[in-house]
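Numbering (the numbering used here), first residue to last: 6 to 507.
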């Protein structure tokens with residue numbers, strides 16, 4: 006007897022029913038070695054499943070007193086029906102009953118498998134839609150977010166993030182649903198900001214919004230991917246935006262230096278007076294100078310002094326010698342005046358107030374911008390230009406890169422290592438990398454290379470500080486500081502009484 010295509014036989018002689026759905030074949034044991042029993046049971050099982058999963062063709066029924074066989078109308082099914090009928094006609098009624106009972110047990114199991122298969126198909130083809138997000142306005146979602154996260158942030162972060170969120174809500178509207186924020190409308194919001202906000206700052210601001218929307222997604226307030234995160238430009242686009250945004254910060258020329266240093270004697274604020282001088286002869290950043298400690302100024306040899314500078318990166322934390330011209334123009338005299346005029350002063354500019362965004366450099370930066378505009382300096386000349394001038398002079402005079410990097414607190418990949426003259430007098434792994442960068446060696450190597458006359462054919466005449474020059478200024482600002490501290494102390498001691506209308 007020819008074995009039908011839906012039957013298979015194992016190496017142990019057991020017949021199996023082959024069932025195929027969506028390209029996946031399953032086998033079910035018919036638990037018999039008798040081909041006649043297997044044929045009768047398999048035919049009935051296969052016909053049952055076919056009827057459950059598809060629309061049957063027009064067929065006919067073959068029936069004996071004890072068994073009934075239905076066909077689907079195809080020629081192949083007709084042939085198999087005839088073969089099955091002829092093979093079982095000689096069986097006794099008891100044998101047929103046994104086959105039918107076994108078939109019914111298997112059929113029940115097949116029914117269960119078919120039902121499970123249909124359920125799986127329904128899940129695959131018709132996935133459940135996520136539950137709709139809770140309808141919530143931007144303002145309400147922000148209030149919930151801040152009530153949970155605000156206390157975990159530092160003071161500076163609170164100020165920055167609050168500004169970012171307020172600007173975002175002002176643009177979209179407080180009553181706008183958070184679910185209405187999409188990639189498309191956020192990109193329209195971000196585009197104008199790219200020309201007014203530095204790319205690094207804009208990335209930080211978007212990071213705050215990403216955190217908010219990630220929270221909203223986890224809390225079920227927003228369904229789908231984070232629209233802010235998906236709107237972030239690629240690294241290459243971000244670099245282009247940064248290049249287009251940043252204004253050039255060029256070194257100062259001889260005329261610029263002459264204008265600035267001629268104006269210094271008229272300046273009444275000690276920070277505004279000293280910062281240009283220190284910037285030119287140390288190459289330090291304005292933030293490093295504004296936060297410099299009085300205790301960080303030390304004598305490392307007879308008549309020779311050094312200053313500790315602290316920046317944000319490990320390479321920017323350093324101890325550098327003070328140029329002899331700084332000593333000659335009275336910087337140490339000024340430091341002694343600070344100690345006498347401002348008790349418990351810990352910084353060289355004790356009157357500066359720290360800002361949450363720019364630290365102690367906030368007001369001095371604004372003051373220099375005002376000065377340069379008054380003097381008619383170009384837009385490409387900023388306080389950082391003093392640092393550019395110092396570095397460019399060292400590059401021009403071919404100072405070894407390793408010494409220059411250590412003196413100014415540079416990482417090896419910073420911009421100033423790649424511009425201006427393109428001169429690198431050695432690499433990061435030169436013999437100097439093993440040297441001890443103590444102030445004496447730095448002074449010996451670096452100061453001869455800081456030759457402005459050789460580079461610019463000019464060196465500005467420095468004003469000489471007079472003892473007590475800023476005593477009145479210090480006295481006035483100290484009174485203001487002490488008065489503010491006393492007022493704050495009184496407010497903290499005074500219990501707050503609620504206003505109750507009678």
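Cβ atoms here follow ideal geometry from the backbone N, Cα and C, with glycine treated the same way.
Pick from the options that is closest to residue i, judged by C-alpha positions
i: residue 305; options: 371, 314, 346, 327; result: 327
i: residue 472; options: 347, 339, 158; result: 339
i: residue 510; options: 497, 217, 258; result: Residue 510 lies beyond the residue range present for the chain, which begins at 6 and ends at 507; the question has no answer from this structure.
i: residue 342; options: 360, 484, 400, 353; result: 353
i: residue 359; options: 46, 475, 400, 292; result: 292
i: residue 307; options: 445, 190, 349; result: 445
i: residue 161; options: 150, 190, 209, 173; result: 209
i: residue 400; options: 155, 256, 217, 235; result: 256
i: residue 5; options: 408, 378, 216, 374; result: With the chain running from 6 to 507 in the structure shown, residue 5 is simply not present.
i: residue 38; options: 156, 19, 47; result: 19
i: residue 303; options: 282, 14, 332, 171; result: 332
i: residue 345; options: 380, 299, 363, 324; result: 299
i: residue 36; options: 413, 47, 496; result: 47
i: residue 170; options: 188, 196, 201, 207; result: 207
i: residue 347; options: 496, 271, 476, 188; result: 476
i: residue 211; options: 225, 222, 168; result: 168
i: residue 479; options: 365, 356, 213; result: 356
i: residue 173; options: 34, 225, 214; result: 214
i: residue 337; options: 395, 309, 231; result: 309
i: residue 334; options: 186, 270, 177; result: 270
i: residue 262; options: 381, 203, 485; result: 381
i: residue 443; options: 492, 482, 313; result: 313
i: residue 349; options: 487, 200, 410; result: 487
i: residue 410; options: 229, 324, 159, 254; result: 324
i: residue 231; options: 219, 364, 474; result: 219
i: residue 330; options: 496, 197, 176, 457; result: 457
i: residue 223; options: 272, 289, 149, 287; result: 149
i: residue 454; options: 498, 398, 394; result: 398
i: residue 316; options: 474, 364, 147, 378; result: 364
i: residue 395; options: 461, 379, 376; result: 461
i: residue 260; options: 188, 377, 175, 200; result: 377
i: residue 375; options: 272, 165, 163; result: 272
According to DSSP, residues forming a beta bridge with residue i
i: residue 515; result: Because the chain spans 6 through 507 in this model, residue 515 falls outside it and cannot be assessed.
i: residue 508; result: Since the first residue of the chain shown is 6 and the last is 507, residue 508 is not available in this structure.
i: residue 298; result: 352
i: residue 13; result: 21
i: residue 456; result: In DSSP, residue 456 forms no bridge with anything.
i: residue 268; result: Residue 268 pairs with nothing; no bridge assigned.
i: residue 313; result: 324
i: residue 34; result: 21
i: residue 306; result: 309
Closer than 8 angstroms to chain C by CB, residue i
i: residue 485; result: Here there is only one protein chain, and chain C is not present.
Rounded distance between the beta-carbons of residue j and residue i, thought under 8 angstroms
i: residue 45; j: residue 12; result: Not confirmed; about 11 angstroms, so no contact.
i: residue 373; j: residue 285; result: Actually they are not in contact, since the Cβ atoms of residue 373 and residue 285 sit about 13 angstroms apart, beyond 8 angstroms.
Distance cut-off 7 angstroms: residue i Cβ against heavy atoms of the ligand ADP
i: residue 468; result: Ligands displayed in this structure: none; no statement on the ligand ADP is therefore possible.
For a minimum of 4 consecutive residues, which ranges assigned as the alpha helix (DSSP H) are wholly contained in the stretch 336-368? 336-346
Can at least three beta-carbon pairs, one atom from the stretch 400-414 and one from the stretch 448-463, be found at a separation below 8 angstroms? By the criterion of at least three beta-carbon pairs nearer than 8 angstroms, the stretch 400-414 is in contact with the stretch 448-463.
Specify whether the stretch 250-270 and the stretch 461-470 touch according to this definition: at least 3 beta carbon pairs, one from each stretch, less than 8 angstroms apart. yes
Cβ contact check for the stretch 320-337 and the stretch 222-241: 3 or more pairs under 8 angstroms: no
Does the stretch 276-289 come close enough to the stretch 367-375 to have 3 or more Cβ pairs within less than 8 angstroms? yes
Does the contact criterion of 3 or more C-beta pairs under 8 angstroms hold for the stretch 176-194 versus the stretch 141-148? Taking a cut-off of 8 angstroms for Cβ pairs, the stretch 176-194 and the stretch 141-148 touch, as three or more such pairs fall below it.
If we count Cβ pairs, one from each stretch, closer than 8 angstroms, do we get three or more for the stretch 293-302 versus the stretch 381-388? no
Three-pair Cβ contact test at 8 angstroms for the stretch 185-192 versus the stretch 230-239: yes
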